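>
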């Protein structure tokens, strides 16, 4: 029965991960988010293509779905269920069956899932991401730095999650391979919120 409950939790978590606020909002505006900007169905591209409000909504929903999926996994199958649901909801976001397996890079959803598993672990990873973003003014740098450091954080804060956490970190790094190439070439753009506007430009 425990095995079946674990399987049920993983399946539900994956389906929750399929919920894509950026794709839904873009479609409502007649936009295919996967063909605009970076082509990524995540917060950064939603911000770039649809503005601050859409970016904020995408971020909040992606975080909350990660947390909800992991808490559900805990209720259905205990700590093991919670850990596997971190991976499941993350994979559902990155490879959503509802959208031809083309989703986002999973950083916000991974954070939300980690908050459901171990808040201290999630906040520690977030702290590293924030430092990377503030120093570089690029979300990709924060995400890459957070992913690279995550297995070490898990080793100290959630040892049983080290192996699964390492898998998540590797996937995030692979999903950011194009960003890594652009960073090496000095071609990675800064986030729009850090861009300086002309003095005569009207403020929102």
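Numbering (this note's numbering), first residue to last: 666 to 869. From the three backbone atoms N, C-alpha and C, an ideal C-beta is built for every residue, glycine too. This structure is a prediction, so every number in the text was calculated from the model and none was measured.
Where does residue 776 fall in DSSP's three states?
Three-state result, residue 776: helix.
> Alpha carbon to alpha carbon, what distance is there between residue 757 and residue 680?
Their Cα atoms are separated by approximately 6 Å.
> Can you name, in chain order, every residue of its own chain whose Cβ lies under 6 Å from the Cβ of residue 782, other than the five neighbours on each side?
735, 747, 751.
> Need the endpoints of the alpha helix (DSSP H) that residue 847 sits in, please.
That run of the alpha helix (DSSP H) goes 842-850.
> For the stretch 833-846 and the stretch 686-696, state whether three or more C-beta atom pairs, one from each stretch, are separated by less than 8 Å.
These segments do not touch.
> I need the boundaries of the alpha helix (DSSP H) containing residue 669, first residue and last residue.
667-682 is the extent of the alpha helix (DSSP H) around residue 669.
> Given 8 Å as the limit, is there contact between the stretch 697-714 and the stretch 783-795, that is, 3 or more CB pairs closer than that?
With the cut-off at 8 Å, the stretch 697-714 and the stretch 783-795 do not touch.
> Ignore the nearest five residues each way along the sequence and tell me which others in residue 666's own chain have a CB closer than 6 Å to its CB.
Note that residue 666 scores 49 on pLDDT, short of 50, meaning its location in the model is unreliable; the coordinates nonetheless yield the value given after this. Result list for residue 666: empty, nothing under 6 Å.
> Using the three-state DSSP reduction, which class does residue 705 fall into: helix, strand or coil?
In the structure shown, residue 705 sits in coil (DSSP, three-state: anything other than H, G, I, E or B).
> Could you tell me the boundaries of the alpha helix (DSSP H) in which residue 762 lies?
Counting along the chain, residue 762 falls outside any alpha helix (DSSP H), and DSSP gives it neither H nor E.
> So, helix, strand or coil for residue 853, using DSSP?
Looking at residue 853 - three-state DSSP - the assignment turns out to be coil, as it is neither helix nor strand.
> Considering only C-alpha positions, which residue in the set 724, 692, 772, 754 is nearest to residue 808?
The shortest C-alpha separation from residue 808 is found at 772.
> Buried or exposed, going by whether 16 or more other CB atoms sit within 10 Å of the CB of residue 684?
The residue is buried, with at least 16 neighbouring Cβ atoms inside 10 Å.
> Is the beta carbon of residue 731 sitting closer than 7 Å to the one on residue 792?
The answer is no: Cβ separation not under 7 Å.
> Rounding to the nearest angstrom, what Cα-Cα distance links residue 854 and residue 668 in this structure?
Approximately 46 Å, taken between the alpha carbons.
> At 4 residues or longer, what runs of the alpha helix (DSSP H) sit wholly inside the stretch 732-762?
List check, alpha helix (DSSP H) in window: nothing returned.
> Excluding the five sequence neighbours on either side, which residues of its own chain have a C-beta within less than 8 Å of the C-beta of residue 670, listed in chain order?
Same-chain partners within the cutoff: 741, 742, 746.
> In whole angstroms, give me the CA-to-CA distance for residue 760 and residue 801.
For residue 760 and residue 801, the distance between alpha carbons rounds to 28 Å.
> Cβ atoms of residue 769 and residue 678: under 7 Å apart, would you say?
For residue 678 and residue 769, no; Cβs fall outside 7 Å.
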